[in-house]
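Asks:
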Amino acid sequence: MRMRALLHLDGVSVRHEIHDDLGDAAWGPPRPRNVTASLTAGEVVLLLGPSGCGKSTLTLTVNGLIPQVIGSHLDGTVTVGAHDTCAHDTDALDTRGLDTRDTPVPRLAAEVAMVFQDPDAQIVTATVLDEVCFGPENLLLPAAEVLERAEEALRRVGLWERRHDDPAVLSGGGRQRLAIACALALRTPLLVLDEPTANLDPAGVEEVFRTLREVTAGRDRAVLLVEHNLDAAIDLVDRVIVLDAAGRVVLDGPARRTLAEHAGKLVELGVWLPAAASAALRLRAAGITLDPLPLTPAELATALDAITELPALRQREATPASQQREATPASQQREATPAPQRRGAGPAPRRRGARSAPERTAIGVRGLSVTRGSARVLADVDLDIGAGEFVAVVGPNGAGKTTLAQALAGVITTRRGAVTVDGLDPVTADPRMLAERVGFVFQNPEHQFITSRVEDELGYGLRVRKLPDDRVAARVGDLLDRLGLRELRTVHPFLLSGGQKRRLSVGAALVTRPHVLVLDEPTFGQDAERAAELLALLDGLHSDGTTVVVVSHDMTLVAEHATRVVVLGAGRVIGDGTPDEIYADADLLAAADLRPPPLARAARALVNHPGWHGLTRLADLPALAPAP
Amino acid sequence: MSVLSLRTYNPVVKVLAPVPAMIVSIGSRDLWTPALFGAVALVMLLVSGGLRGRTLLAVLFGPVLLVAVMTVSFGVWTDPARVDHTIALATLGPFTLWSGALEIGLATGLRVASVVLLALLAGLTTDGPDLVRSMISHLRMPYRIGYAGFAAIRFVPRFRSDLEIIRLAHRVRGVDGGRGPLATGRRYSGYAVPLLAGAIRHGDRVSLAMEARGFGAHRTRTERRHVPLRARDAVLATWLLALCYLVPHLSGAL
């Protein structure tokens, strides 16, 4: 029997409309460019490529949203649904399938189901059950069949028991599982998922991938997945298609073999490898060759254990920040409080005995409690952050992370005397004075934009302080260069790309040269490349002596960059230590619903090399030359 | 489902049938007509509304409070030239409280309260989505409009939290045009761009997701939950229309 393609892409190129400085419209360069590929039933295909290469665009052509709804220019043809529905009569059937260029999008919904990135933007109705029924109802199926499909789909993603709930009360991961159930209820031969976990916390990512593994286990449909998180996706996919920055297909083959054999090329293209593969590449440069290239933490551990002798891990360079850390009370606290007592609903950890004041405390928090309505968001939090620390605040959703960060920067008002930032109390201080001490960057950069030009946006914080124009201009010019925004200085902030908006929002907070910078989920919803760009900026600030506090779900970010991790649970500090210490505390991680980064998981699984158990970041791996 | 429960009645009937009664009540010039309409609606709500807790308290005491407040405030604010032929109840310095003024206030309060109570017949016993379903099947409203309404309702909480964050973000950056309505207006116009940009993007995404799930594939959709139109709805409508005739006559007799 001939395998039939459920999706066939033939020379597909898409050009988006772009506007030049004068506002004239033109068609931009094709992204993707000339893509030809077929997907057959049972395949799970991962689409990879650097950001901006047109991965998401390609997924939108599959169900006709491009060019029918989004007016981009499509070349080539996309055909879906050429499956044989009637095995004994295949030759007589029309097997040409449907051209997505002119088959109406809603009709294509019976052939292609989509799951998008933002779970909130996919919910239409008021209950979980109604939501899953929405698609089959649109297809005019009889009510009994609608219900039968809805039940099957909800049971498959584990939400049947919650069918009467409002989708809004589900967690992010729960809502994305609901979106998957909605796609399943359409019973399409083809399922397309566009970065389904980019907006989720680590627990949600795990939840969604667990569901996807179950859904794809039967290999009864074709799945096209766009996903940056290769660590989560690698054991799910059969095949990868890799696009280069110009949107062309450069690799197309079995997933494991393609990744292992072309790892170097993928890195060159700007595609992010699984952490295990990145670690192995780094070790290869240090003379330790792991063959075949490990792709999961377990494989990395096995490969390392097979080597009889490993060199010692690199010692962390003693930066001024980490030296200061030794003097901060946080380390005393860790010695004073044994791990098992740090958790649970007991009182927040208190420091024992008299302690010498740290050299310089950037942020002091004493008995901070915040209530919202009748709910207690923060309960009696004590925290000292020394000048020059890079602190990550982590914890499950609803633990009070954002509230703590906002209280530190005076964004929300708290009890007088509860917070001291660089010697000022945010509650009583003049807001303009405070902005010279502490900058706050919101999760969505757009929320904080005020003016209509990039350079005005950067200078705003100085102009409200009535600084002379020449000083404002000098400082703004300096920041434009540092952030790489000089070419864009007259553009409206809302017209920047995602990464540029993020850099601008950080720049606007930096313009007053605050000693403390607080960021709320700065990498949320951004791809790995944009995130890396931002972290390079933060690392630069940190090495210049700025105290950085980041609220984040991104465990790799935390492991690779932070000097200290504060774990919140139900409004209390339940853990406080260096990333290595936190990731070594399995009970704490479980209590806070956190997962150690893949590298730390591999390190802890090592049997023959106990000296490597503390490994949490790539920079710790032995290398011939010092890391750049 | 009990015939006695207003929840079992058709939402469109509950919304439309009280409208003539509201018009008659607003147009009335006496005290008895609005009072009777209000009383009938209140009794219907208490007997068949299945109200509980705070809602019950609000329905019991809200209209009374409303009438009291309006009586007193009209009593104070009514132009004395219109009512100075009535009895002067009290004099305080240059101010005289006329019985006519109180009567105007009472009548106005009763009219407003009766309209509110008649509207609550549907308002407190109807589920929003059921109303939309009923409008689609019984008023032949296109389902696209109905579902656009659903989606819009889901925007509201998102809008509210976005606005709150934008307000905080602008404040922390030192946006402070000072006090007064002008400065406040300027401040809020500054919130409009980020708020609208976010809303438009969100709306686009929602509509793409809806189309991707087959919304608009056919002229009609499967309705799993059929909202019935039954004999009891005809009875309810007849009763409410009959009130429009009975109440003014009865109050004329009183």
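Residue numbers (our numbering), protein chains in the order written: chain A, 1 to 628; chain B, 1001 to 1254. Each residue gets a CB set at the ideal place from its N, CA and C atoms; glycine is no exception. Just so we're clear, the structure is a prediction, and the values are computed from it rather than from any experiment.
Would DSSP call PHE1215 (chain B) helix, strand or coil?
Replies: DSSP places PHE1215 (chain B) outside both helix and strand once states are collapsed to three, so it counts as coil.
Asks: Is it true that the CB of LEU147 (chain A) sits closer than 8 Å to the CB of ARG1213 (chain B)?
Replies: no
Asks: Bridge partners of PHE390 (chain A), per DSSP?
Replies: A:VAL548
Asks: Pull the bridge partners of TRP1098 (chain B) from the DSSP assignment, please.
Replies: B:ALA1088
Asks: Which same chain residues end up closer than 6 Å to VAL157 (chain A) when comparing Cβ atoms and leaving out the 5 residues on each side of it in sequence?
Replies: ARG177, ILE180, ALA181 and THR211
Asks: Looking only at its own chain, which residues have a Cβ that is under 8 Å from the Cβ of LEU139 (chain A), when we skip the five neighbours before and after it?
Replies: ALA109, ALA110 and LEU186
Asks: What is the DSSP secondary structure of THR59 (chain A), reduced to helix, strand or coil?
Replies: helix
Asks: Alpha carbon to alpha carbon, how far is THR1220 (chain B) from GLY1146 (chain B)?
Replies: 12 Å
Asks: On the DSSP letters alone, give me the boundaries of the beta strand (DSSP E) that GLY253 (chain A) sits inside.
Replies: 249 to 254
Asks: Indicate whether at least one CB of chain B lies closer than 8 Å to the CB of GLU151 (chain A).
Replies: The beta carbon of GLU151 (chain A) sits no closer than 8 Å to any beta carbon of chain B.
Asks: Please state if the CB of GLN117 (chain A) and the CB of ALA233 (chain A) are separated by a distance shorter than 8 Å.
Replies: no
Asks: Can you look up PHE1150 (chain B) in the DSSP assignment and give me helix, strand or coil?
Replies: helix
Asks: From GLU335 (chain A) to THR563 (chain A), what distance separates their C-alpha atoms?
Replies: At GLU335 (chain A), the pLDDT of 39 sits below 50, so the modelled position is not reliable; the number obtained from the coordinates is stated separately. Each residue's Cα considered, the two are about 17 Å apart.
Asks: From HIS73 (chain A) to LEU534 (chain A), what does the alpha carbon distance come to, in whole angstroms?
Replies: 32 Å
Asks: Buried or exposed for ARG502 (chain A), please, with buried defined as at least 16 other CB atoms from any protein chain shown within 10 angstroms of its CB.
Replies: It counts as buried.
Asks: Can you name, in chain order, every residue of its own chain whose Cβ lies under 6 Å from the Cβ of ASP75 (chain A), other than the five neighbours on each side?
Replies: SER13
Asks: Taking Cβ-Cβ distances below 8 Å as the criterion, which residues of the segment 1169 to 1195 of chain B are in contact with chain A?
Replies: ALA1169, HIS1170, ARG1171, VAL1172, ARG1173, GLY1174, VAL1175, ASP1176, GLY1190, VAL1193 and PRO1194
Asks: Can you find the residues in the same chain that come closer than 8 Å, C-beta to C-beta, to PRO1248 (chain B), ignoring five residues on each side of it along the sequence?
Replies: VAL1024, SER1028 and THR1033
Asks: By how many angstroms is the C-alpha of GLU227 (chain A) removed from the C-alpha of HIS8 (chain A)?
Replies: 21 Å
Asks: Near GLY1109 (chain B), which residues of its chain fall below 7 Å by C-beta distance, leaving aside the five closest residues on each side in sequence?
Replies: LEU1066, VAL1067, MET1070 and THR1071
Asks: Should ARG1160 (chain B) be flagged as near chain D, meaning a C-beta pair shorter than 8 Å?
Replies: Protein chains in the displayed structure are A and B, and chain D is not among them.
Asks: Consider the Cβ of GLY353 (chain A): report whether some Cβ of chain B lies at a distance smaller than 8 Å.
Replies: At GLY353 (chain A), the pLDDT of 33 sits below 50, so the modelled position is not reliable and the matter cannot be decided from this model.
Asks: Say whether the segment 536 to 545 of chain A touches the segment 420 to 433 of chain A, bearing in mind that this needs 3 or more beta-carbon pairs closer than 8 Å, one atom from each stretch.
Replies: no
Asks: Hey, is THR17 (chain A)'s beta-carbon within less than 8 Å of any beta-carbon in chain B?
Replies: The identity of residue 17 (chain A) in the sequence shown is Glu, whereas the question assumes Thr. Answer no: the Cβ-Cβ gap between GLU17 (chain A) and chain B never drops below 8 Å.
Asks: Compile a chain-ordered list of the residues in the segment 442 to 468 of chain A whose CB is closer than 7 Å to at least one CB of chain B.
Replies: PHE442, GLU446, HIS447, GLN448, PHE449, ILE450, TYR460, GLY461 and VAL464
Asks: Under 7 Å Cβ-Cβ, which residues of chain B neighbour ALA118 (chain A)?
Replies: Reading off the sequence shown, one finds Asp at residue 118 (chain A), where the question assumed Ala. What ASP118 (chain A) touches in chain B, judged by beta-carbon distance under 7 Å, is ARG1205, going in chain order.
Asks: Count the other CB atoms, across all protein chains shown, that sit within 10 Å of the CB of PRO468 (chain A); report buried if there are 16 or more and exposed otherwise.
Replies: Note on PRO468 (chain A): under 16 other CB atoms within 10 angstroms of its CB, so exposed under the neighbour-count rule.
Asks: Tell me which residues share the same chain as ALA473 (chain A) and place their Cβ nearer than 8 Å to its Cβ, disregarding the 5 neighbours each side in the sequence.
Replies: GLY459
Asks: Suppose you measure from the CA of THR103 (chain A) to the CA of PRO32 (chain A); what does that come to, to the nearest Å?
Replies: 21 Å
Asks: With a Cβ-Cβ cutoff of 8 Å, do SER1114 (chain B) and GLY1038 (chain B) count as a contact?
Replies: yes
Asks: Using C-beta distances below 6 Å, list every residue in its chain close to TYR583 (chain A), excluding the 5 sequence neighbours before and after it, in chain order.
Replies: PRO596, ALA600 and THR616
Asks: Does any C-beta atom of chain A lie closer than 8 Å to the C-beta of ILE1136 (chain B)?
Replies: no
Asks: According to DSSP, which residues form a beta bridge with ILE363 (chain A)?
Replies: DSSP lists A:ILE385 and A:VAL421 as partners of ILE363 (chain A).
Asks: Of the residues that make up the segment 61 to 81 of chain A, which ones have a beta carbon closer than 7 Å to any beta carbon in chain B?
Replies: ASN63, LEU65 and VAL69
Asks: Span of the beta strand (DSSP E) holding HIS542 (chain A)?
Replies: Note, HIS542 (chain A): premise wrong, no beta strand (DSSP E); alpha helix (DSSP H) at 528 to 543.
Asks: The segment 397 to 415 of chain A: which residues have C-beta closer than 9 Å to a C-beta of chain B, in chain order?
Replies: Listed by position along the chain: GLN406, ALA409, GLY410, VAL411 and ILE412.
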